[in-house]
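Take a look at the structure set out below.
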Amino acid sequence: KLFLLFNFFGYFQSFLFCNFVHTFSLISCSKNSFSYVDVLYLCRCIPYRYRKTNQSSSVEDIEVLVVSSQKSQAMMFPKGGWEEDESKEVAARRETLEEAGVDGKVQKMLGKWNYKSKRHGKMHEGYMFPLLVTKQLDIWPEKNLRERRWMSVKEAREVCQQGWMKEALDRLVSRQSTIAT
């Protein structure tokens, strides 16, 4: 009976510990991202510039920068989590510098999208910002891990696999069209 009682309490203790760890992980902060109730919060940028031959703000003159995923051949906009002591805008700019090797002016948020990660099945909440590129580096932290490619808005719509990325790109184009008129 004592053995059964010990096994019961051992099981109960393991159950409590596992539930405590799970509950703790629901509200945690890892090195580079916040995660509450199994949602990963990320900041993204759409780095863009105007073609060098023309400084107008026409949609045809906009180029956007995409980077390759580290885990696949997919092309995407730079993204990552944010530190406790930084704003979403600062995090988006930092991640863009790290992943794409460009810097510039982060502008007003394009929106917030909720989506499920195809790879891990985890819910993500992404905040997307346009970044008007003012500097392109030859050497950056993830240069050997990612390919970066400037392309037209039309080309970017073709390579972006997720619908919410295309929607964010459409919002950027719409905003630039409004500025141009």
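Quick note: the sequence shown uses the UniProt record's numbering, first residue 1, plus one each step. The beta carbon of each residue, even a glycine, is placed where N, CA and C say it ideally should be. Here the structure is a predicted model, which is why all the values come from computation and not from measurement.
Per the DSSP calculation, residue 129 is bridged to which residue(s)? 45
Beta-carbon separation of residue 42 and residue 124 under 8 Å? Judged by their CB atoms, residue 42 and residue 124 are nearer to each other than the 8 Å cut-off.
With three or more C-beta pairs closer than 8 Å as the rule, is the region 110-118 touching the region 138-149? no
Along the beta strand (DSSP E) that carries residue 63, what are the first and last residues, could you check? 62-68
For residue 172, count neighbouring Cβ atoms within 10 angstroms of its own Cβ and tell me buried if that reaches 16, exposed if not. buried
Residue 182 in three-state terms, based on DSSP: Residue 182 lies beyond the residue range present for the chain, which begins at 1 and ends at 181; the question has no answer from this structure.
So is residue 64 buried or exposed if we call it buried at 16+ other beta carbons inside 10 Å? The residue is buried, with at least 16 neighbouring Cβ atoms inside 10 Å.
Using 10 angstroms around the beta-carbon of residue 110, count the other beta-carbons present and answer buried if the total reaches 16, otherwise exposed. buried
So is residue 104 buried or exposed if we call it buried at 16+ other beta carbons inside 10 Å? In the assembly as shown, residue 104 is a buried residue. Its beta-carbon has 16 or more other beta-carbons within 10 Å.
How would you label residue 158, buried or exposed, when you count the other beta carbons within 10 angstroms and need 16 or more for buried? Residue 158 sits exposed, since fewer than 16 C-beta atoms from the chains shown fall within 10 Å of its C-beta.
Name the two residues that bound the continuous alpha helix (DSSP H) containing residue 118. Residue 118 -> no alpha helix (DSSP H), and no H or E assigned at all.
Please report the straight-line C-alpha distance between residue 134 and residue 101, rounded to a whole angstrom. Roughly 11 Å separates the two Cα atoms.
CA-to-CA distance, residue 99 to residue 137, given in whole angstroms: 11 Å
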